[in-house]
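Here is the structure we will look at.
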Amino acid sequence: MIVKNSIRSIIVLVLIIAAYPAIAQVDINSDTVKAWADDLFSQSLDEKRLSGAVLTVVRDSDVIFSRGYGYADYAAKTEIDPVKTRFMIGSITKTFTATSLAQLMDRGLVDSLDDPANKYLKRDTLPQVDGKDITLKELITHTAGFGNITFHLSNDKKVAYPLSAEEVAARRPPIIRKLKGTA
555 MIVKNSIRSI
565 IVLVLIIAAY
575 PAIAQVDINS
585 DTVKAWADDL
595 FSQSLDEKRL
605 SGAVLTVVRD
615 SDVIFSRGYG
625 YADYAAKTEI
635 DPVKTRFMIG
645 SITKTFTATS
655 LAQLMDRGLV
665 DSLDDPANKY
675 LKRDTLPQVD
685 GKDITLKELI
695 THTAGFGNIT
705 FHLSNDKKVA
715 YPLSAEEVAA
725 RRPPIIRKLK
735 GTA
């Protein structure tokens, strides 16, 4: 429930920022972002609509604001660290991945969402499902048929990043089934 509320809050925040044209007319600096974010997140935390979040604002490749709100561990009152705290972000990855793919397509670096994902993977490859390659579209819509596990990234096991190809392969969720109606 808390994870769903966190994801909803993040999605709402992204949509508010994207849909509010007047924000471009405001002088955005760390003080204005802090005032806005402190108000937004403190209200959401007080109303228990959000357990925690991280907001980082980047302008021209420079981080102008980064702060964690709420607790990474509520029981222990461990505050969220914007660099170290991990979130189970789930389906919001579709938004980021789809946006990145759209940008790559605009630059001519990706031809089509119907392309096999393996066409663009250099270090590792995805197995075929029912004799067919997994497409980029299936990955961004979460319809590739992977099992519902998290690559063990949310546990306490110490892991060296970036993961090696062998670690990725060992942690890859199994392909459990092909969903009906997917390409």
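Per our numbering: the sequence shown = residues 555 to 737.
Backbone N, C-alpha and C fix where the C-beta goes; we use that ideal spot for every residue, glycine too.
Nothing here was measured: the structure is a model prediction, and the numbers come from that model.
With residue 650 as the anchor, note down where its alpha helix (DSSP H) starts and where it stops.
646 to 660
If we count the other Cβ atoms within 10 Å of its Cβ and call it buried at 16 or more, is residue 690 buried or exposed?
buried
Does DSSP put residue 722 in a helix, a strand or coil?
helix
Quick one: give me the first and last residue of the beta strand (DSSP E) that residue 695 is part of.
From DSSP, residue 695 is part of no beta strand (DSSP E); its letter is neither H nor E.
Could you check where the beta strand (DSSP E) with residue 607 kicks off and where it finishes?
606 to 613
Might you give, ordered along the chain, the residues of its own chain that have their beta carbon closer than 8 Å to the beta carbon of residue 632, omitting 5 neighbours on each side?
625, 626
Whole angstroms is fine: what's the gap from residue 679's alpha carbon to residue 650's?
21 Å
Just to confirm the assignment, what range does the beta strand (DSSP E) spanning residue 619 have?
616 to 627
If you run the structure through DSSP and keep just helix, strand and coil, what is residue 520?
Lying outside 555 to 737, the shown extent of the chain, residue 520 is not represented and no answer is given.
Return helix, strand or coil for residue 631, following the three-state DSSP convention.
coil
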